[in-house]
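Quick notes on the structure that follows.
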Amino acid sequence: MGEDGYSLRKATADDAGFLTDMLVAAVNWDPARQAVSRDRVLVNHQLAHYVEDWPRAGDFGVVAIGPDGQPVGAAWLRLFSRDDPGYGFVCEDVPELSVGVLPSWRSRGVGRALLAEVARQAAERGFARICLSVERANRARGLYASEGFTTVESGSDSDTMVMVLSER
2 MGEDGYSLRK ATADDAGFLT DMLVAAVNWD PARQAVSRDR VLVNHQLAHY VEDWPRAGDF
62 GVVAIGPDGQ PVGAAWLRLF SRDDPGYGFV CEDVPELSVG VLPSWRSRGV GRALLAEVAR
122 QAAERGFARI CLSVERANRA RGLYASEGFT TVESGSDSDT MVMVLSER
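In terms of this note's numbering, the sequence shown has 13 at position 12, counting the first letter as 1, and numbering is strictly consecutive.
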């Protein structure tokens with residue numbers, strides 16, 4: 002249990018709606034930008050494919066549950082193909098990470114706990130690496146770097162980062 006009274010559990014098929022909420026939260030990380038609606042996220046295949054048909058074979062993740070029993074954050078991993086890559090695609094055998102935490106629960110250790118647990122699950126399943134894409138201005142980039150992610154490719158405003166799990 003986290004110091005703020007949250008706990009972690011494995012993500013299930015029943016969490017599909019909440020994972021979509023967390024994808025929307027992740028897309029809308031910058032409060033200074035015009036928010037992207039849930040409907041707009043779900044009609045954009047480049048975004049929606051992070052949650053479409055959750056869980057597909059091989060998908061796994063973790064959900065943080067607040068003291069009131071309600072979910073407050075999630076981290077999940079999904080494999081993508083070269084023909085339909087995610088933003089942080091590295092290769093077909095490296096799952097891509099998505100993380101979202103409700104704004105009221107940010108900066109309270111929830112994201113770090115989710116990240117550590119989903120990385121542990123990935124290593125347990127035999128994955129050597131996990132990857133992600135993050136905008137450079139996103140504060141979460143510092144969390145990823147502090148947890149061992151390194152930049153392997155840079156775009157105009159975002160980075161693809163990889164964590165080697167055997168070094169954890």
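For glycine and all other residues, C-beta sits at the position ideal for the given N, C-alpha and C.
L115 (DSSP reduced to helix, strand or coil): Of the three classes helix, strand and coil, the one that applies to L115 here is helix, per DSSP.
Under the three-state DSSP convention, the category G74 falls into: Here G74 carries a strand assignment [DSSP, helix/strand/coil].
Inter-stretch contact (C-beta, 8 Å, three-pair minimum) for the region 54–66 and the region 29–44: Output reads no: the region 29–44 does not touch the region 54–66.
Residue interval of the beta strand (DSSP E) (run including L133): Per DSSP, L133 belongs to the beta strand (DSSP E) from 130–136.
Sequence-distant residues of its chain with Cβ nearer than 6 Å to Q122 (five each side left out): Cβ within range, chain order: F61.
Proximity to A141 [Cα-Cα], best of P86, V119, V111, A129: Selected option, being the one with the closest Cα: V111.
Separation of D69 from S162, as counted between CA atoms: Reading the sequence as shown, one finds Met at residue 162 and not Ser. Cα-Cα distance, rounded: 34 Å.
Whole-Å CB distance - R137 paired with S159, under 8 Å assumed: For R137 against S159, the beta-carbon gap comes to about 6 Å, under 8 Å, which counts as contact.
Straight-line Cα distance separating G6 from D22: The alpha-carbon of D22 is positioned some 21 Å away from that of G6.
Member of S108, F90, S167, G101 whose CA lies at the smallest distance from the CA of T152: In this structure, F90 is the residue among S108, F90, S167, G101 with its C-alpha nearest to the C-alpha of T152.
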